[in-house]
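Its first residue numbered 1, the sequence shown is counted upward by one per residue in my numbering. We treat Cβ as the ideally placed atom computed from N, Cα and C, and that holds for glycine. These notes are about the structure you will find just below.
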Amino acid sequence: MELKVNKKQITSTKMIIDGHAHACGDYLIPEKIIIHLAESKVDKLVLVPGELNSEKTYSFPNVAKLLPGLNITKFFNYLTKMVISLTNAQKDFIAGNAYVYELAKALPDKVIQFYLVTNVFDSITRELDDKHLKWKFKGLKFHQCWFSISIKSKIFTETATWAIKNDLPIFIHLFSDSEVKMLIEHKINNLRSMIKYEAIGYFSTEYNTGTGAPRQGMLKPGSKGTIILNSEYKNGLKNLDQFEYIFVLFHFHEAKGWETTVNPPESGHEFGLFATRSPRRPNPIGLSLIKLDSIKDNKLFVSGIDAFDGTPVLDIKPFLPTIDSKITEKNVMAEFYLGHHDEDFINDSLVKIFIKGEKE
Ligand SMILES: C[S@@+](CC[C@H](N)C(=O)[O-])C[C@H]1O[C@@H](n2cnc3c(N)ncnc32)[C@H](O)[C@@H]1O
1 MELKVNKKQI TSTKMIIDGH AHACGDYLIP EKIIIHLAES KVDKLVLVPG ELNSEKTYSF
61 PNVAKLLPGL NITKFFNYLT KMVISLTNAQ KDFIAGNAYV YELAKALPDK VIQFYLVTNV
121 FDSITRELDD KHLKWKFKGL KFHQCWFSIS IKSKIFTETA TWAIKNDLPI FIHLFSDSEV
181 KMLIEHKINN LRSMIKYEAI GYFSTEYNTG TGAPRQGMLK PGSKGTIILN SEYKNGLKNL
241 DQFEYIFVLF HFHEAKGWET TVNPPESGHE FGLFATRSPR RPNPIGLSLI KLDSIKDNKL
301 FVSGIDAFDG TPVLDIKPFL PTIDSKITEK NVMAEFYLGH HDEDFINDSL VKIFIKGEKE
């Protein structure tokens, strides 16, 4: 089961995967992999963990041909599940991912690493962020006979969300017909709730993940940048220059994953995600009130920005003072104690006092 792709597919962001191998037997060490690929006339190989350090090669007879009409795959899936649980091989899968990385490092032109997802981590999103940064694997693998992870589980959804955000494929070895049905239903339900937006332009700024950006641009009026709108929308800017302030909605394209609670910088306190302006959210949308200095063709020169260079812009709207602001004592106090958007931070003890209602 090897990957057959042509060079064009590899260089494009999408690729067609025709199979995969496990890092054992013929795919255990670089020398064997080179020989096996040459013999099979295959350029590249998708590799996932196998039986750690095992030289054994498993090959199943083509029973489907001998016994047509029988669900042979299911039989082999049961067999595999039984062997894995009897040998307790699951314990090696984490080391297996690290081993596949070593093989991919040794044979960068031949081995494409896919990460085998297990359910042993507190946060799969954090684990994937961490390992992807180090290993740059090219896809994820669920193996339902080795490590059964329900399609309806939180970890499945979080992994799928992570994969979509990182534009990586997931390859699933399903266990049974009912799982295939479940996956299709899951996908249909998800598609129903999927909304697709395309950027209308992007920010050009001096900020990036290395330099950081103001926590709230409104508090840094000197932070200047440009919004470069796709030229097809140029006419949509007519009359916008009548407004001094505009709302810009944008996509936090560098944000990785999200948690339902967050600890904002400089605060030891845990906040519900939706009570914060954290860039790490299920739909990573940013909202900034920005000063519009001038417009020239499709360029908007702006001040008071907090977005990284290259941030995709989703929408622009005029700020309408009478409908877009409501100053109430409750919000003013909540912002003062919990807003944590200033560099001169409200410290955590004050936050706790506020939450407990002990404020003056
Ligand atoms: C706290 S957010 C506030 C953004 C916006 N005013 C809001 O309230 O939605 C600002 C921070 O987001 C981060 N950020 C800016 N652009 C980003 C991007 N494209 N991807 C991920 N994070 C970004 C920077 O660390 C910046 O300090």
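May I ask you to report which of helix, strand or coil DSSP gives residue i?
| i | result |
| --- | --- |
| Asp348 | Reliability fails at Asp348, whose pLDDT of 48 lies under 50, so the model's placement of it is uncertain and no value is given. |
| Asp122 | coil |
| Pro169 | coil |
| Ser303 | strand |
| Leu140 | strand |
| Leu314 | strand |
| Val111 | strand |
| Lys359 | Confidence is the limiting factor: at Lys359 the pLDDT is only 44, short of 50, which leaves the residue's position unreliable, though a coordinate-based value still follows. If DSSP states are grouped into helix, strand and coil, Lys359 belongs with coil. |
| Lys7 | Confidence at Lys7 is low in this model, with a pLDDT of 40, below 50, so the placement of that residue should be treated as unreliable; the coordinate-derived value is given next. Helix, per DSSP. |
| Lys41 | coil |
| Ile285 | strand |
| Lys187 | helix |
| Lys134 | helix |
| Pro221 | coil |
| Lys56 | coil |
| Ile195 | coil |
| Pro321 | helix |
| Ile155 | helix |
| Gly339 | coil |
| Gly236 | helix |
| Asn71 | coil |
| Trp146 | coil |
| Asn62 | coil |
| Ser85 | helix |
Determine, using beta carbons only, whether residue i and residue j come nearer to each other than 8 Å.
| i | j | result |
| --- | --- | --- |
| Leu140 | Leu183 | no |
| Leu361 | Lys105 | No answer is possible for residue 361: it lies beyond the span of the chain, which begins at 1 and ends at 360. |
| Phe142 | Ile172 | yes |
| Gln367 | Glu179 | Shown here, the chain extends from 1 to 360; a query on residue 367 therefore has no answer. |
| Glu158 | Thr205 | no |
| Thr311 | Phe250 | yes |
| Lys317 | Ile200 | no |
| Glu254 | Thr211 | no |
| Trp162 | Gly257 | yes |
| Leu116 | Pro49 | yes |
| Phe243 | Leu292 | yes |
| Ile84 | Trp146 | yes |
| Tyr197 | Val313 | no |
| Val100 | Gln113 | yes |
| Asn166 | His132 | yes |
Confirm the yes/no value for this check: CB of residue i, any heavy atom of ligand 1, distance under 7 Å.
| i | result |
| --- | --- |
| Asp177 | no |
| Glu254 | yes |
| Leu287 | yes |
| Phe308 | yes |
| Thr311 | yes |
| Pro169 | no |
| Ala213 | yes |
| Gly257 | no |
| Gln216 | yes |
| Arg126 | no |
| Pro221 | no |
| Pro282 | no |
| Pro318 | no |
| Pro279 | yes |
Verify the CB distance criterion: does residue i have a CB-CB separation below 8 Å to chain C?
| i | result |
| --- | --- |
| Ile200 | Protein chains in the displayed structure number just one, and chain C is not present. |
In terms of DSSP beta bridges, what is residue i paired with?
| i | result |
| --- | --- |
| Pro214 | BP columns for Pro214 are empty, so no partner. |
| Ser204 | Thr226 |
| Thr261 | Gly272 |
| Pro49 | Ala23 |
| Tyr245 | Lys291 |
| Gly250 | It should be pointed out that residue 250 corresponds to Phe in this sequence rather than to Gly. In DSSP, Phe250 forms a bridge with Gly286, Val313. |
| Lys296 | Lys299 |
| Leu116 | Lys141 |
Sufficient close CB pairs (3 or more, under 8 Å) joining the region 76 to 85 to the region 20 to 30: no
Three or more C-beta pairs below 8 Å linking the region 239 to 256 and the region 325 to 338: no
Meets three-Cβ-pair contact criterion under 8 Å: the region 217 to 227 and the region 295 to 315: yes
The region 304 to 314 in contact with the region 277 to 291 per 3-pair CB rule at 8 Å: yes
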